[in-house]
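Chemist: Sending over a structure as structure tokens; questions will come in a sec.
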Amino acid sequence: MGVPHMSNRSGRERERWSRRGVLTALGVVPAAVVLTGCGDSADASDASASSAPPSARAAAKQATIAVTPADGTTEAGFASPVQVTVTDGTLASVEVTGNDGSTLAGTLNEARTRWTSARNPYSGTKYTVTATTRTGTARTTTFTTRSPGETFVGYFTPEANSTSGVGMPVSIDFTHAVSDRAAVQKAITVTAEPAVEIVGHWFSDTRLDFRPETYWAPGTKITLSLRLKDVQGADGVYGVQSKDVTFHIGREQISTVDLATKEMTVRRAGSTIATYPVSGGDSDHTTWSGIMVISERFKQTRMESSTVGLGDEYDISDVPHAQRLTTSGTFVHGNYWAADSVFGHQNTSHGCVGLHDAKGANDPAVDGYKFYKSSMLGDVVIVKNSGERTVEPSNGLNGWNLSWADWKAGSAV
535 MGVPHMSNRS
545 GRERERWSRR
555 GVLTALGVVP
565 AAVVLTGCGD
575 SADASDASAS
585 SAPPSARAAA
595 KQATIAVTPA
605 DGTTEAGFAS
615 PVQVTVTDGT
625 LASVEVTGND
635 GSTLAGTLNE
645 ARTRWTSARN
655 PYSGTKYTVT
665 ATTRTGTART
675 TTFTTRSPGE
685 TFVGYFTPEA
695 NSTSGVGMPV
705 SIDFTHAVSD
715 RAAVQKAITV
725 TAEPAVEIVG
735 HWFSDTRLDF
745 RPETYWAPGT
755 KITLSLRLKD
765 VQGADGVYGV
775 QSKDVTFHIG
785 REQISTVDLA
795 TKEMTVRRAG
805 STIATYPVSG
815 GDSDHTTWSG
825 IMVISERFKQ
835 TRMESSTVGL
845 GDEYDISDVP
855 HAQRLTTSGT
865 FVHGNYWAAD
875 SVFGHQNTSH
885 GCVGLHDAKG
895 ANDPAVDGYK
905 FYKSSMLGDV
915 VIVKNSGERT
925 VEPSNGLNGW
935 NLSWADWKAG
945 SAV
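So for the sequence shown, this note's numbering puts the first residue at 535; every next one is plus one.
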């Protein structure tokens with residue numbers, strides 16, 4: 535319909551029509567002007583418009599692309615997804631790239647008129663959004679998200695790429711009290727190969743531990759995925775971590791201390807590899823009973839009674855082969871200052887489990903040295919018949935003292 539009219543016009547008229555076409559493509563001239571350019575009068579234009587099929591009339595409209603957050607925003611929020619919408623058109627593609635190299639994936643609605651990012655943008659990041667419609671209309675915008683005010687991180691145990699015993703939980707201590715436990719726990723996943731159900735348990739508003747129902751299988755690979763960046767843990771306090779770390783579980787070693795017989799039996803993979811005479815806490819300083827996990831190891835360390843609320847009863851600068859069992863100060867360690875006759879016969883300590891050892895921690899013939907060399911972080915030490923109640927599960931890495939039902943009850947998700 536339009537081409538024969540164009541071919542009969544003068545050069546000036548063709549030039550005027552061409553300029554209008556260019557302006558229309560740039561969105562300067564309303565769509566109605568494009569329609570009048572195909573006839574000699576307004577009446578002819580109206581007739582052409584009314585006789586065109588609806589699809590043609592829609593195609594003649596200029597698509598309008600809108601982006602949220604708006605172009606040029608410098609303090610955009612980061613708690614909502616990015617959205618791109620189009621009117622009088624359909625979207626062909628949307629790309630969102632941050633100046634940190636990250637990208638935001640997203641999905642289109644069924645009509646292809648709205649795109650929504652799959653996650654929220656990161657804080658403190660400048661983003662460039664490029665959107666294109668199926669008819670070729672394109673728009674590029676930028677926005678910068680604000681930085682969070684107060685932040686928190688989670689310090690995790692065990693160390694990345696380390697190998698631990700079968701009793702080692704994944705324990706996370708947060709630098710700020712968490713009020714939205716569900717949001718934080720949902721942002722943390724712990725998986726294992728071979729697969730096993732793993733559940734988180736909150737011991738406090740700053741500590742979250744993960745474990746399976748029973749000890750890890752030897753050789754397990756554990757992956758901790760932290761997706762805490764921009765997760766609001768408390769009012770106005772946001773996480774900053776987004777990382778994956780792996781740990782490994784070594785061989786199984788479980789040692790049982792019976793303070794009635796004053797003997798420790800060490801079993802590896804179900805077989806007894808050693809027995810040692812020991813001395814536990816005396817009647818005034820009974821040793822915690824229950825399942826405990828080695829959380830720290832020292833070839834030599836200083837032990838002072840004042841640090842555990844016992845005044846000035848002792849101060850030993852070079853306790854050999856000390857392995858921590860509780861946060862409150864229970865260790866299994868070597869003892870060179872007691873007579874050999876004590877071990878296996880008397881409970882004389884201030885609550886620790888002692889084995890015969892030598893001053894200087896360099897004698898491989900003594901029991902303290904041997905047990906220390908056979909142990910690793912995460913090994914299980916079970917104490918029974920001590921005359922003391924079961925240790926609190928939060929006192930050290932000792933959540934195994936909770937039943938599976940009680941452990942799961944401490945989850946926020």
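A virtual CB, placed ideally from N, CA and C, is assigned to each residue, including glycine.
Quantities reported herein were computed from a predicted structural model and do not represent experimental measurements.
Which residues does DSSP pair with VAL865 in a beta bridge?
Modeler: Here residue 865 refers to the residue found at position 331 when the sequence shown is read from its first residue. According to the sequence as given, residue 865 is Phe; it is not Val. Partner(s): ARG858.
Chemist: Can you give the beta carbon distance from ALA672 to VAL618, rounded, assuming they're within the 8 Å contact cut?
Modeler: Within the sequence shown, residue 672 is the residue found at index 138, counting from 1. Within the sequence shown, residue 618 is the residue found at index 84, counting from 1. About 12 Å; that fails the 8 Å criterion.
Chemist: What's the C-alpha gap between GLY944 and PHE737?
Modeler: Along the sequence shown, read from residue 1 onward, the residue named residue 944 stands at position 410. Along the sequence shown, read from residue 1 onward, the residue named residue 737 stands at position 203. If you take the alpha carbons of GLY944 and PHE737, they lie about 8 Å apart.
Chemist: Look up GLN880 in the DSSP assignment and say whether it is helix, strand or coil.
Modeler: Working through the sequence shown from its first residue, we reach residue 880 at position 346. Residue state, collapsed to three classes: coil.
Chemist: Does the Cβ-Cβ distance between THR723 and SER759 come in under 8 Å?
Modeler: In the sequence shown, residue 723 corresponds to position 189, counting from 1. In the sequence shown, residue 759 corresponds to position 225, counting from 1. Yes.
Chemist: Measure how close the beta-carbons of ALA892 and TYR870 come, nearest whole angstrom, since I'm counting them as under 8 Å.
Modeler: Here residue 892 corresponds to residue number 358 of the sequence shown, with the count starting at 1. Here residue 870 corresponds to residue number 336 of the sequence shown, with the count starting at 1. Right, their Cβ atoms sit about 5 Å apart.
Chemist: With DSSP collapsed to three states, give me the class of PHE612.
Modeler: Here residue 612 is taken as the residue at index 78 of the sequence shown, counted from 1. Coil at PHE612, not helix or strand.
Chemist: Would you kindly report the start and end of the unbroken beta strand (DSSP E) that includes VAL733?
Modeler: Taking the sequence shown and counting its residues from 1, the one referred to as residue 733 is at position 199. Looking at the DSSP string, the run of the beta strand (DSSP E) that includes VAL733 is 733 to 738.
Chemist: Can you give me the Cβ contacts of VAL887 inside the same chain, cut-off strictly under 6 Å, excluding the 5 residues immediately before and after it?
Modeler: By one-based count along the sequence shown, residue 887 stands at place 353. The residues are VAL791, VAL812, GLY814, VAL866.
Chemist: Since THR667 sits in a beta bridge, which residues does DSSP pair it with?
Modeler: For the purposes of this step, residue 667 is identified with residue 133 of the sequence shown, where counting begins at 1. LEU625, per the DSSP bridge assignment.
Chemist: Please report the straight-line C-alpha distance between SER817 and GLY921, rounded to a whole angstrom.
Modeler: Taking the first residue of the sequence shown as 1, we reach residue 817 at position 283. Taking the first residue of the sequence shown as 1, we reach residue 921 at position 387. So the alpha carbons of these two residues sit roughly 8 Å apart.
Chemist: Taking all protein chains shown into account, do 16 or more other C-beta atoms lie within 10 angstroms of the C-beta of HIS855, making it buried, or fewer, making it exposed?
Modeler: For the purposes of this step, residue 855 is taken as the residue at position 321 of the sequence shown. When all chains shown are included, HIS855 counts as buried.
Chemist: Which of the three DSSP states, helix, strand or coil, is assigned to ALA694?
Modeler: Taking the sequence shown and counting its residues from 1, one reaches residue 694 at position 160. Correct three-state label for ALA694: coil.
Chemist: Using only alpha-carbon positions, find the residue among ALA711, SER937, LYS918, ASP913 that is nearest to PRO752.
Modeler: For the purposes of this step, residue 752 is taken as residue 218 along the sequence shown, with counting starting at 1. Of the candidates ALA711, SER937, LYS918, ASP913, the one whose C-alpha sits nearest the C-alpha of PRO752 is ASP913.
Chemist: Where does the unbroken beta strand (DSSP E) through ARG761 begin, and where does it stop?
Modeler: As a working mapping, residue 761 is identified with position 227 in the sequence shown. It spans 755 to 761 - the beta strand (DSSP E) in which ARG761 sits, taken as one unbroken run.
Chemist: What does the alpha-carbon distance come out to for the pair GLU629 and LYS942?
Modeler: On the sequence shown, residue 629 is found 95 positions in, with the first residue counted as 1. On the sequence shown, residue 942 is found 408 positions in, with the first residue counted as 1. For GLU629 and LYS942, the distance between alpha carbons rounds to 41 Å.
Chemist: Taking 7 Å as the limit between beta carbons, can you name the residues of its chain near LYS763, skipping five residues before and five after?
Modeler: Taking the first residue of the sequence shown as 1, we reach residue 763 at position 229. For LYS763, where only same-chain residues beyond five positions count, the Cβ hits under 7 Å are TYR656, GLY773, VAL774, GLN775, SER776.
Chemist: Whole angstroms are fine: how far does the CA of THR754 sit from the CA of ILE828?
Modeler: Counting from one through the sequence shown, the residue named residue 828 turns up at place 294. Counting from one through the sequence shown, the residue named residue 754 turns up at place 220. Going by the C-alpha atoms only, they are around 18 Å apart.
Chemist: May I have the straight-line CA-CA distance separating MET826 from THR924, to the nearest angstrom?
Modeler: Start at 1 with the first residue of the sequence shown, and residue 826 comes out as number 292. Start at 1 with the first residue of the sequence shown, and residue 924 comes out as number 390. C-alpha separation (whole angstroms): 10 Å.
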